[in-house]
Amino acid sequence: MATIQTDGLTKVFGEDVVAVDDLDLAINEGEIFGFLGPNGAGKSTTINLLLDFIRPTDGSAQVFGLDVNEHSEQIRERTGVLPEGYAVYDHLTGREHIEWATQSKRVSDDPDAILDEVGLIDSADRTAGGYSKGMQQRLALGIALVGNPDLLILDEPSTGLDPNGIQHMRDLLRERAANGTTVFFFQSHPWRSRSSV
30 MATIQTDGLT KVFGEDVVAV DDLDLAINEG EIFGFLGPNG AGKSTTINLL LDFIRPTDGS
90 AQVFGLDVNE HSEQIRERTG VLPEGYAVYD HLTGREHIEW ATQSKRVSDD PDAILDEVGL
150 IDSADRTAGG YSKGMQQRLA LGIALVGNPD LLILDEPSTG LDPNGIQHMR DLLRERAANG
210 TTVFFFQSHP WRSRSSV
């Protein structure tokens with residue numbers, strides 16, 4: 030069974046703005062799937078459709094075999110999301126961000142283990158307002174990893190990352206996928222051959 034399945038998924042805003050047009054996808058468990066396209070191509074709209082933040086004009090989508098409109102809560106419980114432009118709380122430390130996420134998801138993940146996984150353990154007690162853009166992106170990825178999700182949806186995951194940061198993220202995502210996590214990432218510009226996950 031596919032982790033994500035869409036059939037004719039379409040979203041039209043107003044009378045003539047077609048954001049997603051007849052999208053058919055099948056993304057399997059443990060697969061890393063990149064959705065590439067320029068700004069305005071409908072990538073973020075697709076995320077919002079899969080998470081039931083907006084409803085389709087036509088077609089259907091299933092995640093984990095569940096209809097996204099009828100079972101959105103169960104789907105979100107098993108999904109980690111890194112939204113584009115995620116804003117950290119300047120006055121909270123990296124560790125406090127992860128602790129907040131574990132409390133929100135009602136899980137008992139070790140914040141230090143997650144911070145170590147995303148390469149931030151040495152900055153765990155610094156306030157996130159002092160983090161570089163790349164560090165903030167790593168923190169947002171750490172938050173998405175809380176609860177060991179079965180699906181990761183990552184919007185522009187390489188934003189702000191230097192080449193070492195991109196390599197670290199690629200390795201992390203490959204390891205997660207090898208353990209069964211499905212990774213669906215959205216990117217405005219291809220990472221060229223060196224960045225294919």
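Just so you know, we're using this note's numbering here: the sequence shown kicks off at 30 and counts up by one.
Note that the Cβ used here is the ideal one computed from N, Cα and C, for glycine as well.
Please read these numbers as outputs of a predicted model, since none were measured by experiment.
Taking a cut-off of 8 angstroms for Cβ pairs, the stretch 83-91 and the stretch 35-52 touch, as three or more such pairs fall below it. Under the DSSP definition of a beta bridge, F82 lacks any partner. Burial is judged here by how many other beta carbons sit within 10 angstroms of a residue's own beta carbon; M30 has fewer than 16 and is exposed.
E58 is the residue among E58, V92, S137 whose C-alpha sits nearest the C-alpha of N208. The Cβ atoms of G189 and S152 do not sit closer than 9 angstroms to each other. Here the alpha carbons of M198 and M164 stand approximately 12 angstroms from one another. Cβ atoms of L174 and T108 stay farther apart than 8 angstroms, at about 11 angstroms. Residue range 46-57 is occupied by the beta strand (DSSP E) that includes I56, with no alpha helix (DSSP H) assigned at that position.
By the Cβ-count criterion, A116 is exposed, with fewer than 16 other Cβ atoms from all chains shown falling within 10 Å of its own Cβ. Beta-bridge annotation (DSSP): F42 is paired with V46. Per the DSSP secondary-structure output, A90 pairs in a beta bridge with T35.
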